[in-house]
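Residue numbers (numbering that gives the first Met the number 0): 0 to 733.
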Amino acid sequence: MIPDLFPDSRRTVSVVVTAPLDGPFDYLLPEGRPMPVPGTVVAVPFGRQVLHGVVWDTRPEKAVDPGRLRPLGSALDIPPLPWTLRRLVDHVAYETVSPRGQVLKLALSTPGALEPPRTVDVFTPAIGAAGAKLTAKQRQVVEQAMIEPRTPADLARAAGVSTAVVKKLIDGAALVSETRTVEEAWPVPDPDLVSVTLNEGQAAASDRLKDAVAARRHQAFLLDGVPGSGKTEVYFSAIAACLQAGRRALILLPEIALTSQWAARFARAFGVNPITWHADVGSSRRRKIWRAALEGKVPLVVGARSALWLPLQDLGLIVVDEEHDSSFKQDEGVPYQARDAAIARARFENCPVVLASATPSLETIVATERVGPDRIERLVLPERHGSAPPPPVEIVDLRTRTPRRSIGFLAPRLVAQLRATLERGDQALLFLNRRGYAPLSLCRACGHRFRCPNCSAWLTAHRLRRRLQCHHCGFSMPEPDHCPECGTIDALALSGPGVERIADEVRHLFPKARTALLTSDTATTAGQAAAVLDGMENRTIDILIGTQMVAKGHHFPDLTLVGVVDGDLGLGGGDLRAAERSFQLLYQVAGRAGRAEKPGTVLIQTHLPDHPVMRALASGDRDRFVATEIEERMDGGLPPFGRLASLILSGPNQIDVQSAARHLSLAAPVDPRVRVLGPAPAPIALLRGRWRERLLVQAAPEVDLPAWIRAWTGQVKQHASIQLSIDVDPYDFL
Ligand code: ADP
Ligand code: ZN
0 MIPDLFPDSR RTVSVVVTAP LDGPFDYLLP EGRPMPVPGT VVAVPFGRQV
50 LHGVVWDTRP EKAVDPGRLR PLGSALDIPP LPWTLRRLVD HVAYETVSPR
100 GQVLKLALST PGALEPPRTV DVFTPAIGAA GAKLTAKQRQ VVEQAMIEPR
150 TPADLARAAG VSTAVVKKLI DGAALVSETR TVEEAWPVPD PDLVSVTLNE
200 GQAAASDRLK DAVAARRHQA FLLDGVPGSG KTEVYFSAIA ACLQAGRRAL
250 ILLPEIALTS QWAARFARAF GVNPITWHAD VGSSRRRKIW RAALEGKVPL
300 VVGARSALWL PLQDLGLIVV DEEHDSSFKQ DEGVPYQARD AAIARARFEN
350 CPVVLASATP SLETIVATER VGPDRIERLV LPERHGSAPP PPVEIVDLRT
400 RTPRRSIGFL APRLVAQLRA TLERGDQALL FLNRRGYAPL SLCRACGHRF
450 RCPNCSAWLT AHRLRRRLQC HHCGFSMPEP DHCPECGTID ALALSGPGVE
500 RIADEVRHLF PKARTALLTS DTATTAGQAA AVLDGMENRT IDILIGTQMV
550 AKGHHFPDLT LVGVVDGDLG LGGGDLRAAE RSFQLLYQVA GRAGRAEKPG
600 TVLIQTHLPD HPVMRALASG DRDRFVATEI EERMDGGLPP FGRLASLILS
650 GPNQIDVQSA ARHLSLAAPV DPRVRVLGPA PAPIALLRGR WRERLLVQAA
700 PEVDLPAWIR AWTGQVKQHA SIQLSIDVDP YDFL
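This is the structure in structure tokens:
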């Protein structure tokens, strides 16, 4: 027997605290209190604050003298945080090199939900009240209260009397109060309503998913199929199987795809609206959903990235729709990839996870070709349900435009197609992934360019607001009437197109057409975006002009022309996924044309007609494009064939940041499997008033990169003014 150094150590509890530190920290269990189970949410003293924390599964440190521990605060009266979610916190903290407490905050993002739920006073008949002498009206009230205790207002309504009658009974002690928590009636989707007869290919895919659901087996699937091939129908069938088995389902969608269209479709299939979780959900509803999820009362949630952290109990299925979408990667705070984290959570839950996409990410495709436990099984739906062929894509070569035409941004070919579409009475969509009116403002007299004082970036002209605006920080200024450099009046020249400018051009060309603009500037909430999309659906819009907000998941039967104003926009820059993402985005936009009986046409304007992305779009040969991309990544040892991390140091003083970055780079362990590139100024060298230096770490696939980085950066102390942001497997290269 090893002597117990501190006999009291059985009374220590280890707690992860919602502070940007790893933990767990040890606390002393006060005398007479039972040992809380792991997952119990507690209040603990931390520094001079009281913070929320969660009792962790780890054993307390043996060698800590309990006499020096601070006492554990009260345990909250809610069910413990599920084990799977605790594992997920550990996993994501490890993979992203983030403090565990900061990751825990994602799981406890709704602090209000931890407080006791709201209660109401309901009234029930006192003993003997029914036998007492009562008026007819009073008797009605008492009878109603016998059926079900209710609030005075509800009782009055049910009995068809005034509240004064109820009040009199309460004053006379014929009705007594009882405290009740407010119960929300959560919609219960009915899996038996799902009734689509799947075609052969769909049924085969569905069977694979349903098998895994029934077997409660963890397995990752890729549901790979062109738009309209029935991916949604197939995963709906798996959700139905999951609900029938009495388990719960979580569906993740890109924020913008969470429009009323998806919910309406779900409602048609399952009979009720789904519970949704995204940025627009108000805090009181958030609280209720979070709490109900923890209490096991919510059968299904559909949400954006952050829904992954909901404490849903006993998950039977996770779906990640549009799995390639970059919004699943969080770039700030805890830089995690929600798709990867969803797979991890499904592993802990012991349930299948379905990734669905018409343009799967390279990471996922490569994982389908792998052997071993990380393999993803690929289920292919090769064709559109029904017969509509995919729309032909025509490349419009902008290099051959005559200079005379350079006043506008729409090529004659595209204008002619727009005209023809309007004459047919159909709808058109113009896509340009750039907000505002013009990306660059300059003085015609002296050439002065307007730039952000806080960032290394030009200011974008926004005509709707008559302001120049920085898209990286909040800076904006009124459109100037004179040049700050040379003083010339009214010499502002706006260079290049943004969506607002395209909308102007369209209105000028087709004054009678009904146009609408959809960007994050015109629609700041999901509701406003939905209103515009409803306009498309109800045919009150002829031409819709928009940014990537228009790209996703919408289905408009009369939309037969899609024009991409600048197909090259996403191809520049040092982003390793630039080509892949451009292809995915343009493919998705193109897919908006001719989704129903009517055939569609897609025109893409480009200065790079020979670029592999343009060729792949024109030929419709996705697989060849993907194969070339995979080869390039393989040759370069880039993800998923190697690992990458970006370390950005930032601070208010440029010299200090540079020296800190040099210092950090010199401290890098020598390892033949790892290359540290830089430091060099980050592409956006100044952001929100902070100077930025970047180090890129490239490692062989077998390297445990998070551990390597932790060992490296852990031994270098940063000055308080310097911030180090680590992004393992970055998607953002700015
Ligand atoms: P995806 O998710 O791959 O874009 P959807 O599931 O949205 O495809 O299917 C496209 C359209 O075809 C939808 O309107 C859907 O209801 C319909 N559809 C797909 N499969 C079937 C089927 N087996 N029976 C009837 N309609 C189907
Ligand atoms: Zn700025």
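By construction, the Cβ of each residue, glycine as well, lies at the ideal position given by its N, Cα and C atoms. Bear in mind that the values here come from a model prediction, so they are computed numbers and not experimental data.
Consider the C-beta atom of residue i and the heavy atoms of the ligand ZN; say whether any pair is separated by less than 7 Å.
i, result
"His471", "yes"
"Ala456", "yes"
"Phe474", "yes"
"Cys451", "yes"
Exposed or buried, what is residue i when buried is set at 16 or more other beta-carbons lying within 10 Å of its beta-carbon?
i, result
"Gln218", "buried"
"His553", "buried"
"Leu145", "Correcting the residue type first, residue 145 is Met in the shown sequence and not Leu. Looking at its Cβ environment, which holds fewer than 16 other Cβ atoms inside 10 Å, Met145 is exposed."
"Met633", "exposed"
"Thr39", "buried"
"Lys287", "buried"
"Gly435", "buried"
"Ser13", "buried"
"Gln336", "buried"
"Asp557", "buried"
"Arg398", "exposed"
"Thr523", "exposed"
"Thr134", "exposed"
Between residue i and residue j, what straight-line distance do the alpha-carbon atoms span, to the nearest angstrom?
i, j, result
"Leu221", "Pro359", "8 Å"
"Cys485", "Cys445", "7 Å"
"Leu637", "Val370", "20 Å"
"Ala92", "Pro388", "46 Å"
"Leu316", "Gly295", "15 Å"
"Ala589", "Arg693", "36 Å"
"Asn453", "Leu686", "6 Å"
"Lys167", "Val140", "11 Å"
"Val54", "Ala427", "56 Å"
"Ala155", "Ala125", "17 Å"
"Asn272", "Lys551", "20 Å"
"Pro70", "Gly52", "13 Å"
"Gly650", "Asp533", "46 Å"
"Gln137", "Asp120", "19 Å"
"Arg149", "Trp185", "19 Å"
"Val669", "Val675", "9 Å"
"Arg404", "Gln604", "Because Arg404 sits at a pLDDT of 49, beneath the cut-off of 50, its placement in the model cannot be relied upon, and the following sentence gives the value as read from the coordinates. Taking the straight line from one Cα to the other gives about 14 Å."
"Asp396", "Ala410", "9 Å"
"Ala131", "Ala172", "11 Å"
"Val297", "Leu68", "39 Å"
"Arg672", "Val193", "52 Å"
Consult DSSP for residue i and reduce its assignment to one of helix, strand or coil.
i, result
"Ala667", "coil"
"Cys442", "strand"
"Phe265", "helix"
"His461", "strand"
"Trp690", "strand"
"Ser283", "helix"
"Ser97", "coil"
"Ile250", "strand"
"Phe220", "strand"
"Trp82", "helix"
"Asp339", "helix"
"Glu393", "strand"
"Trp276", "strand"
"Ile238", "helix"
"Pro705", "helix"
For the ligand ADP, is there a heavy atom less than 7 Å away from the beta-carbon of residue i?
i, result
"Leu517", "no"
"Gly599", "no"
"Pro226", "yes"
"Gly229", "yes"
"Asn272", "no"
"Leu197", "yes"
"Gln744", "What the structure shows of the chain is the stretch from 0 to 733, and residue 744 is not part of that stretch, so it cannot be assessed."
"His384", "yes"
"Gln527", "no"
Name the DSSP beta bridge partners of residue i, please?
i, result
"Leu543", "Leu428, Ala515"
"Met476", "Leu467"
"Glu177", "Val121"
Is any non-hydrogen atom of the ligand PLP found closer than 7 Å to the C-beta of residue i, if you look at the structure I gave you?
i, result
"Glu232", "Absence of the ligand PLP from the depicted structure is noted, with the ligand ADP and the ligand ZN being the only ligands included."
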